[in-house]
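See below for the structure under consideration.
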Amino acid sequence: MSTRSLQRALKDLGTSFTAQLDEARRGKAIELLRRRDLALQEIAFLLGYGEPRHFYRSFRRWTGTTPGEYRRTRVR
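Residue numbers (the numbering used here): 128 to 203.
See the structure below:
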């Protein structure tokens with residue numbers, strides 16, 4: 128499938144590659160935050176972010192809180 132065909136197919140479904148990537152990263156981030164052995168910087172790099180601050184910004188947009196706050200308050 129070509130890039131353009133994928134873009135059209137996703138548009139027909141009411142989404143985009145960026146939106147799908149964002150959703151996948153969000154789910155994986157929450158999963159990885161449950162692992163206390165991983166530092167936040169490691170999680171950022173595992174999710175494909177070149178800079179941890181980009182991960183922190185995205186996570187705050189997704190959840191309204193920072194990854195550190197999320198881990199402290201919601202992960203047991």
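For glycine and all other residues, C-beta sits at the position ideal for the given N, C-alpha and C.
Run the CB neighbour count on Arg-201, radius 10 Å, all protein chains shown included, and call it buried at 16 or more, exposed below. So Arg-201 ends up on the exposed side.
Cβ contact (3+ pairs, closer than 8 Å) linking the region 132–142 and the region 153–162: Touching, no, given that fewer than three Cβ pairs across the two stretches are closer than 8 Å.
List in chain order: all unbroken beta strand (DSSP E) runs of 3+ residues lying wholly within the region 149–182. Correct list: empty.
Less than 9 Å separating the beta-carbons of Pro-194 and Leu-173? No, they are not a contact pair.
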